[in-house]
Amino acid sequence: AQKITQTQPGMFVQEKEAVTLDCTYDTSDPSYGLFWYKQPSSGEMIFLIYQGSYDQQNATEGRYSLNFQKARKSANLVISASQLGDSAMYFCAMREMGNTGNQFYFGTGTSLTVIP
Amino acid sequence: NAGVMQNPRHLVRRRGQEARLRCSPMKGHSHVYWYRQLPEEGLKFMVYLQKENIIDESGMPKERFSAEFPKEGPSILRIQQVVRGDSAAYFCASSPGQGARETQYFGPGTRLLVL
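As you go down the protein sequences, you meet chains A and B in turn. Quick note on numbering: the numbering used here labels position 6 of the first sequence as 6, and the sequence is numbered without any gaps. Quick note on numbering: the numbering used here labels position 76 of the second sequence as 76, and the sequence is numbered without any gaps.
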């Protein structure tokens, strides 16, 4: 089974509108972390936001917020007030505490295009 | 505080040659991870190293690929006798420690093209 599933290969959003990028995960480890990264066309991976499995509140970082629904195993990224510079690939990732390798499992990504 | 550095940024090799990819982690980080990204795909874990130790190489092909993180100097991902299927972007990430909360910070990647 896929550890991380991103079902939206591509998304479009009007500038200044909000957009939600979906991410579901699969783990039996009670302790894990969820991450979102942005990959612009230049190729680097930029860390956006983190959510811990035991965190009581949804994470927020500026215009980014994470809609964490533990029972549904979803960790959707919400970008508010979209800007043209938000156009990029977005990857959801998970790290399991019980995994001694500490690797990140990445989804296949969602390509976001912000329309002026 | 400089970020994770990788070089070269682009590398072209002919089939059968060797590719050496270097990664210098962020200052203070002793954990290094290598990932491979094929076109239109997410990153796939290859290997996790700490100084002088390979902790987890479960994602690395058994043949032709090796990695090291010496006491001094950068981490090296080495691909021997490259084939066209090795063409990909190779990302290095580092973190200060381990644990679910530790964010991994990525370098800019090395784009390997095998002709």
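Using N, Cα and C, we set each Cβ at its ideal position, and we do this for glycine too. In this text the structure is predicted, and so the values were computed from the model without any measurement.
Whole-Å CB distance - residue i paired with residue j, under 8 Å assumed
i               : j               : result
Y90 of chain B  : Q103 of chain A : Contact flag wrong, Cβ pair sits at about 15 Å.
Q39 of chain A  : A88 of chain A  : 6 Å
R95 of chain A  : G33 of chain A  : 5 Å
A88 of chain B  : R36 of chain B  : 5 Å
R84 of chain B  : R15 of chain B  : 7 Å
C23 of chain B  : P74 of chain B  : 6 Å
I79 of chain A  : V19 of chain A  : 5 Å
T144 of chain B : L11 of chain B  : Coverage of chain B is limited to positions 1 through 115, which leaves residue 144 of chain B absent and any answer about it impossible.
E57 of chain B  : V47 of chain B  : 4 Å
I49 of chain A  : L21 of chain A  : With a Cβ gap of about 11 Å, I49 of chain A and L21 of chain A do not count as contacting.
For residue i, the residue or residues it bridges with in DSSP
i               : result
Y54 of chain A  : According to DSSP, Y54 of chain A bridges with nothing at all.
C23 of chain B  : B:Q6 and B:S75
H31 of chain B  : B:Q50 and B:S95
T20 of chain A  : A:V78
F47 of chain A  : A:Y37
M94 of chain A  : A:L34 and A:Y105
Q69 of chain A  : A:S74
S111 of chain A : A:G10 and A:M89
A59 of chain A  : None, per the DSSP bridge assignment.
T103 of chain B : BP columns for T103 of chain B are empty, so no partner.
V83 of chain B  : DSSP output for V83 of chain B lists no bridge partner at all.
T5 of chain A   : A:T24
Start and end residues, beta strand (DSSP E) containing residue i
i              : result
S87 of chain A : Here S87 of chain A belongs to no beta strand (DSSP E), and DSSP marks it neither H nor E.
Q14 of chain A : G10 to Q14
A67 of chain B : F65 to E68
Where residue i sits in the DSSP three-state scheme
i               : result
G109 of chain B : coil
R36 of chain B  : strand
G42 of chain B  : coil
D56 of chain B  : strand
R15 of chain B  : coil
Check your understanding: If we count Cβ pairs, one from each stretch, closer than 8 Å, do we get three or more for the stretch 3 to 14 of chain B versus the stretch 54 to 65 of chain A?
Key -> The stretch 3 to 14 of chain B, when compared against the stretch 54 to 65 of chain A, does not touch it at the 8 Å Cβ threshold.
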